[in-house]
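The next block holds one structure in the form of structure tokens; read it before the comments.
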Amino acid sequence: MDEVKAPEPVLVIAEAGVNHNGRPDWAFQLVEVAAQVGADVVKFQTFRADSLVTADAPKAAYQQRATGAGESQQAMLRRLELPAALHRELKAHAEQRGLRFLSTAFDEPSLRLLVDELGLTLLKIPSGELTNAPFLLQHARSGAGLIVSTGMATLAEVEQALGVIAFGRIAGAQERPGPAAFRAAYASPEGQAALRRGVTLLHCTSDYPAAAEAVNLRAMDAMAAAFGLPVGYSDHTLGIEVALSAVARGARVLEKHFTLDRTLPGPDHAASLEPPELARLVAGVRTVSAALGDGIKRPQPAELATAAVARKSLVARRAIRAGQVLGAEDIAVMRPGTGMLPMAYWDVIGRVASRDYAAGDLLDE
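Each residue of the sequence shown is one higher than the one before, counting from 11 in our numbering.
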């Protein structure tokens with residue numbers, strides 16, 4: 011089972027999603043962009059429209075804004091499907107370019123494709139499936155590491171989902187699933203250990219684009235405290251500022267949609283980053299990640315030379331003779347910082363000078 015291990019230490023997922031518009035050449039270009047900007051993972055979406063939505067299921071409001079209301083959601087999604095053979099080619103190309111290939115399954119046949127045929131050992135569960143207990147159970151029983159997106163969810167719903175996953179990890183095939191069994195699995199030491207070994211939670215706001223005031227990044231802290239699992243962020247805001255803020259707040263995984271051109275027709279292009287923006291985001295993530303450090307407050311090696319110049323020492327305010335009792339009128343605090351620390355000021359007052367000092371000499375009593 012794969013654990014989500016962030017390399018720097020943030021795992022950056024470049025979400026191509028359906029921004030290929032059903033065109034293989036665009037899908038390959040998206041892989042190229044993800045590789046060129048230095049992302050860790052390129053992610054697509056895997057579904058069969060006829061298995062995902064009913065024929066008369068309406069589009070979401072953001073989908074209607076982007077693609078119009080004239081066709082059904084099923085018809086729109088049918089144009090955005092990726093054939094199984096293309097999945098294999100994209101995975102091979104991504105790996106050749108140093109990327110991990112990832113996709114989100116939205117139905118059982120698609121999940122089988124990703125796990126059984128493509129051999130993926132890391133899966134992303136989308137927010138819309140968080141309450142789909144049978145599908146969660148199928149993901150859990152795959153043995154793959156799971157990145158679980160939690161848009162639209164309460165803490166209680168996240169806990170219920172984790173209970174299903176814990177059950178799927180530890181229960182035998184003969185054990186009957188159900189709410190009581192899920193609660194028991196979640197409460198058990200074995201279930202908690204299984205979750206810690208292979209689950210990362212993603213906070214997100216399921217609006218496209220999401221307004222900054224709807225993001226609530228502090229919910230990352232709430233989930234980390236409630237569940238003791240690694241937490242990341244799936245960003246749907248415009249720009250890169252909120253995503254970088256999530257990294258600074260401790261996100262271990264960052265997911266962001268990108269496109270070749272934000273003006274292209276399709277449901278997700280308008281809320282996605284174009285390649286130059288994605289490049290700035292990845293560079294910014296690496297900078298913020300490096301700046302976070304290890305949390306131990308201590309001087310950095312680069313500061314030591316500055317300390318010698320900027321800090322101060324105890325020095326002789328005037329000439330001092332050996333054997334003289336030192337008083338406040340004999341001691342000054344001045345740069346450089348290579349002598350006795352001024353914290354010893356009161357310890358030195360009243361001592362007997364062990365040698366002669368000229369005015370300005372560093373004291374070494």
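Backbone N, C-alpha and C fix where the C-beta goes; we use that ideal spot for every residue, glycine too. These figures come from a predicted structure and were not determined experimentally.
Approximately 16 angstroms separates the beta-carbon atoms of Leu140 and Glu118; this is outside 8 angstroms, ruling out the contact. Cβ neighbours of Pro285 within its own chain (closer than 6 angstroms, five residues either side excluded): Val43. In the same chain as Ala150, and ignoring 5 residues on each side of it, the C-beta atoms closer than 6 angstroms to its own belong to Ile175, Gly178 and Arg179, in chain order.
The residue among Ala312, Thr210, Ala163 and Gly188 with its C-alpha nearest the C-alpha of Asn226 is Ala163. Glu105 sits exposed, since fewer than 16 C-beta atoms from the chains shown fall within 10 Å of its C-beta.
Secondary structure at Gly208: helix, using DSSP grouped into helix, strand and coil. Fewer than three Cβ pairs drawn from the stretch 85–95 and the stretch 303–313 lie within less than 8 angstroms of each other, which leaves the two stretches out of contact. In this structure, Leu254 places its C-beta atom within 9 angstroms of the C-beta atom of Val298. Assignment of Arg110 by DSSP, reduced to helix, strand and coil, places it in the strand class. Across the set Lys322, Ala300 and Ala49, the C-alpha of Ala49 shows the shortest separation from the C-alpha of Leu291. For Glu251, the enclosing alpha helix (DSSP H) begins and ends at Glu251 to Ala258. Residue range Pro189 to Ala197 is occupied by the alpha helix (DSSP H) that includes Ala194. Taking a contact as a CB-CB distance under 8 angstroms, the pair Leu212 and Gly242 counts as one, their CB atoms being some 5 angstroms apart.
Here Phe177 carries a helix assignment [DSSP, helix/strand/coil].
Partner residues in the beta bridge of His267, as assigned by DSSP, are Glu25. One thing to note: Val343 has its Cβ within 9 angstroms of the Cβ of Ser323.
Fewer than three Cβ pairs drawn from the stretch 216–223 and the stretch 180–196 lie within less than 8 angstroms of each other, which leaves the two stretches out of contact. Taking 3 residues as the shortest admissible run, the stretch 269–342 contains the following complete beta strand (DSSP E) segments, listed from N- to C-terminal end: 323–326. Fully contained in the stretch 42–71 are the following alpha helix (DSSP H) runs of length 4 or more, in chain order: 59–62.
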